[in-house]
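Report on one structure; see the data block that follows.
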Amino acid sequence: MSLAPMLVEKADELGVDVRYHTRMIHLVQNDQDTVTGIIAEDENGKKFEIKAMKGTILCTGGYANNVEMLEDLNPAALEENVYSDAPANYGEGISAGTWIGAARDKMPAVLVFDRGIVPPGTKAEETYIMEPFKDFFWMGSQPFLKLNINGERFANESVPYDYIVNAAGYQPGNMYVMVWDSNYRQHIDANHTLGCSRIEYPSPTGGMQTYVSAGGYDGNDKQIQDLIERGYIVKADTIEELAAKLQLPVETATQHIERYNELCEKGIDEDFGNESSRLHAVKEGPFYGCLLGGRILSTLDGLKINTNMQVLRKDGSVIAGLYAAGNDSGGFFAYTYPERLPGTAVSRAFTFGWLAGEHAAGIK
Ligand SMILES: Cc1cc2nc3c(=O)[nH]c(=O)nc-3n(C[C@H](O)[C@H](O)[C@H](O)COP(=O)(O)OP(=O)(O)OC[C@H]3O[C@@H](n4cnc5c(N)ncnc54)[C@H](O)[C@@H]3O)c2cc1C
Numbered sequence: 059m060s061l062a063p064m065l066v067e068k069a070d071e072l073g074v075d076v077r078y079h080t081r082m083i084h085l086v087q088n089d090q091d092t093v094t095g096i097i098a099e100d101e102n103g104k105k106f107e108i109k110a111m112k113g114t115i116l117c118t119g120g121y122a123n124n125v126e127m128l129e130d131l132n133p134a135a136l137e138e139n140v141y142s143d144a145p146a147n148y149g150e151g152i153s154a155g156t157w158i159g160a161a162r163d164k165m166p167a168v169l170v171f172d173r174g175i176v177p178p179g180t181k182a183e184e185t186y187i188m189e190p191f192k193d194f195f196w197m198g199s200q201p202f203l204k205l206n207i208n209g210e211r212f213a214n215e216s217v218p219y220d221y222i223v224n225a226a227g228y229q230p231g232n233m234y235v236m237v238w239d240s241n242y243r244q245h246i247d248a249n250h251t252l253g254c255s256r257i258e259y260p261s262p263t264g265g266m267q268t269y270v271s272a273g274g275y276d277g278n279d280k281q282i283q284d285l286i287e288r289g290y291i292v293k294a295d296t297i298e299e300l301a302a303k304l305q306l307p308v309e310t311a312t313q314h315i316e317r318y319n320e321l322c323e324k325g326i327d328e329d330f331g332n333e334s335s336r337l338h339a340v341k342e343g344p345f346y347g348c349l350l351g352g353r354i355l356s357t358l359d360g361l362k363i364n365t366n367m368q369v370l371r372k373d374g375s376v377i378a379g380l381y382a383a384g385n386d387s388g389g390f391f392a393y394t395y396p397e398r399l400p401g402t403a404v405s406r407a408f409t410f411g412w413l414a415g416e417h418a419a420g421i422k
């Protein structure tokens, strides 16, 4: 059984009143400024008060799906990312806290994936598609050759997902293209990527198992074909034709691909230090390429808290009765989520939510 049903089962057993389709609108305070509960709204728009017996914990998951808050708090993230994969996170917990005087992180932080495929010519600063998993291009995380929109190689491609998006944030247009050739299946094997950029992995019961949505190599080929038909991936017989279809300056892009091929031949990446096993010449047509930008999975900056997860004012005093956890809480990440340490976002949410609950219940 996966975790959510397990938690629901336990909550039912304990008689917890779980309300779905019920939105917190704002917090309620008494004369002493203690938070005493919330004003909520049901699916019919009916507003009502929920009184907190022990405390109120804000955990609405950050603001990745709120363009106005992103513009205000993290404009760089909006410039570099083309998709949001966080459909339910409108920043309402963070807003509710700040409306009653809570302090917020000074530095924004965001959890980003690198597989946001968009048609050539798309401008990142004009694009933020809020449909989760829309055109989630699994292969976009492979350490294949990447060029900026001026056709220049700009980074070591063999890095965790967020690093390449951050590097592209220093490039014109905040985006990059990935190019590969017809030997990509063998190259993916040699790359041997782990986590959710892998295409196939050894099954515990023997043989190979395909990664969830990618459907293994066949599913991957199918996705490439679909994206070609829809004009997201371009296919060409020559490098020059590929560069033109990707709307790159042809001469510069060709020079940089030739230089990369030279380094592949040598087996040493003298320019950016990519590992030899992950250098794959782009030399056997047909050639492929696509334009990529980042996908925001979560924002990670939030309300200032102490070690009991109690929300603080700017002067450091505690707002009595109020806690924050998960992506509504701050003080943990700055600027980026380090994808070399996978799991820290979700484990922070679980652990700090637990700690907040214990403190509110008076257990600790
Ligand atoms: C595709 C994807 C992959 C990810 N992979 C990883 C990973 O590998 N490792 C990792 O550590 N993290 C990962 N994350 C991030 C991780 O899932 C989040 O950081 C974590 O779920 C945050 O937990 P949370 O409780 O703060 O918010 P959420 O899990 O977003 O929960 C917030 C809840 O609050 C509800 N809500 C919102 N507004 C209101 C309101 N006004 N009133 C009432 N309820 C409200 C929402 O409906 C939602 O149910 C991934 C995220 C995505 C999208």
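Numbering (this note's numbering), first residue to last: 59 to 422.
Where is the CB? At the ideal position from N, CA and C, for every residue including glycine.
>> Quick check: the segment 314–329 against the segment 132–149, are at least 3 beta-carbon pairs closer than 8 Å?
In response: Judged by pairs of C-beta atoms under 8 Å, the segment 132–149 does not touch the segment 314–329, as fewer than three such pairs exist.
> Met165 by DSSP, collapsed to three states: which one?
Replying inline: If DSSP states are grouped into helix, strand and coil, Met165 belongs with coil.
>> Quick check: what's the CA-CA separation for Val223 versus Leu72?
In response: Note on geometry: alpha-carbon atoms of Val223 and Leu72 lie some 44 Å from one another.
> Bridge partners of Gly352, per DSSP?
Replying inline: BP columns for Gly352 point to Asn139.
> Can you give the beta carbon distance from Asn123 to Gln200, rounded, assuming they're within the 8 Å contact cut?
Replying inline: By a beta-carbon distance limit of 8 Å, Asn123 does not contact Gln200. Their separation comes to about 28 Å.
> Is Asn332 near ligand 1, going by C-beta to nearest heavy atom under 7 Å?
Replying inline: No, ligand 1 has no heavy atom inside 7 Å of this Cβ.
>> If I measure Cβ to Cβ from Ile282 and keep anything under 8 Å in the same chain, skipping five residues before and after, which residues do I get?
In response: The residues are Met197, Ile291 and Tyr346.
> In the DSSP assignment, what residue or residues form a beta bridge with His338?
Replying inline: His338 pairs with nothing; no bridge assigned.
>> Can you tell me whether His245 is helix, strand or coil according to DSSP?
In response: Helix at His245.
>> Could you check whether the Cβ of Ser60 sits closer than 7 Å to any heavy atom belonging to ligand 1?
In response: Flag unset: Cβ of Ser60 not near ligand 1.
>> Under DSSP, the alpha helix (DSSP H) around Gln229 begins and ends at which residues?
In response: That residue, Gln229, is in no alpha helix (DSSP H); it is neither H nor E in DSSP.
> With a CB to CB cut of under 7 Å and the five nearest residues on each side skipped, what residues in its chain are close to Ala311?
Replying inline: Within the same chain, Ala311 has close Cβ partners Leu205, Gly209 and Ala301.
>> By DSSP's criteria, Ser387 is part of a beta bridge. Which residues make up the other side?
In response: Residue pairing by DSSP places Ser387 opposite Leu361 in a beta bridge.
>> Excluding the 5 residues flanking Phe202 on each side, which residues of the same chain have their C-beta closer than 6 Å to its C-beta?
In response: Once the five neighbours on either side are set aside, the close Cβ partners of Phe202 are Met236 and Trp238.
> Which stretch, first to last residue, makes up the beta strand (DSSP E) that contains Phe106?
Replying inline: Run containing Phe106: Lys105 to Lys109, per the beta strand (DSSP E) assignment.
> Can at least three beta-carbon pairs, one atom from the segment 381–392 and one from the segment 347–362, be found at a separation below 8 Å?
Replying inline: Under the three-pair Cβ rule at 8 Å, the segment 381–392 counts as touching the segment 347–362.
> So Pro344 packs on Asp295, CB below 8 Å; how close in whole Å?
Replying inline: Sure, about 6 Å apart at Cβ, within 8 Å.
>> Quick check on this structure: which residue in Gly120, Thr365 and Met111 has the alpha carbon closest to the alpha carbon of Thr409?
In response: Of the candidates Gly120, Thr365 and Met111, Thr365 places its Cα closest to the Cα of Thr409.
> With contact counted as at least three CB pairs below 8 Å, one residue from each stretch, are the segment 312–323 and the segment 97–115 in contact?
Replying inline: Result no; under three Cβ-Cβ pairs closer than 8 Å.
> Hey, Ala160 and Gly379 are a contact pair by Cβ (cut 8 Å); roughly how many whole angstroms apart?
Replying inline: Contact doesn't hold; Cβ gap of about 12 Å is too wide.
> At which residues does the alpha helix (DSSP H) containing His84 begin and terminate?
Replying inline: Segment Arg81 to Gln87 is the beta strand (DSSP E) holding His84; no alpha helix (DSSP H) there.
> In terms of residue numbering, what span does the alpha helix (DSSP H) encompassing Gly274 cover?
Replying inline: Per DSSP, Gly274 belongs to the alpha helix (DSSP H) from Gly274 to Glu287.
>> Can you tell me which residues form a DSSP beta bridge with Tyr346?
In response: For Tyr346, which the question treats as bridged, DSSP gives the partners Trp238 and Lys293.
>> Assess contact between the segment 149–157 and the segment 79–97, defined as three or more Cβ pairs (one per stretch) separated by less than 8 Å. Is contact present?
In response: Counting C-beta pairs with one atom in each stretch, the segment 149–157 and the segment 79–97 have three or more that are closer than 8 Å, which means they touch.
> So Gly120 packs on Asn332, CB below 8 Å; how close in whole Å?
Replying inline: That belief does not hold up - the Cβ atoms of Gly120 and Asn332 are roughly 33 Å apart, past 8 Å.
>> Using C-beta distances below 6 Å, list every residue in its chain close to Ser142, excluding the 5 sequence neighbours before and after it, in chain order.
In response: Spatial neighbours of Ser142 in its own chain (CB-CB distance under 6 Å, excluding positions within 5 residues in sequence) are listed in chain order as Ala122, Asn123, Met188 and Ile354.
>> Quick test of your reading: Ala98 and Thr80, contact by CB under 8 Å. State the CB separation rounded to the nearest angstrom.
In response: Contact flag correct, Cβ pair sits at about 5 Å.
>> Which same chain residues end up closer than 6 Å to Pro178 when comparing Cβ atoms and leaving out the 5 residues on each side of it in sequence?
In response: Non-local C-beta neighbours of Pro178 in its own chain, meaning closer than 6 Å and more than five positions away in sequence, comprise Leu304, Gln305 and Leu349, ordered along the chain.
> Can you tell which of Val93, Arg77, Val76 and Asp70 has its C-alpha closest to the C-alpha of Tyr381?
Replying inline: Its Cα nearest to that of Tyr381, the residue Val93 stands out among Val93, Arg77, Val76 and Asp70.
> At what residue ranges does the segment 369–422 contain a whole run of the alpha helix (DSSP H), taking only runs of 4 or more?
Replying inline: For the segment 369–422, whole alpha helix (DSSP H) runs of length 4 or above, ordered along the chain, are 402–418.
> Roughly how many angstroms separate the alpha carbons of Ser375 and Cys117, rounded to a whole number?
Replying inline: A direct Cα-to-Cα measurement between Ser375 and Cys117 gives close to 20 Å.
> What residue range is occupied by the uninterrupted beta strand (DSSP E) comprising Thr114?
Replying inline: It spans Thr114 to Leu116 - the beta strand (DSSP E) in which Thr114 sits, taken as one unbroken run.
>> Tell me which residues share the same chain as Lys293 and place their Cβ nearer than 6 Å to its Cβ, disregarding the 5 neighbours each side in the sequence.
In response: Here the set comprises Ile286, Pro344 and Tyr346.
>> Just list the residues that DSSP pairs Lys181 with in beta bridges.
In response: Beta-bridge pairing links Lys181 to no other residue.
> Excluding sequence positions up to five away, which residues of its chain have a Cβ less than 6 Å from the Cβ of Pro190?
Replying inline: The residues are Asp143 and Pro145.
>> Alpha carbons only, please: which of Glu137, Phe194 and Phe212 is nearest the one belonging to Gly277?
In response: Checked all of Glu137, Phe194 and Phe212; the closest Cα to Gly277 is Phe194.
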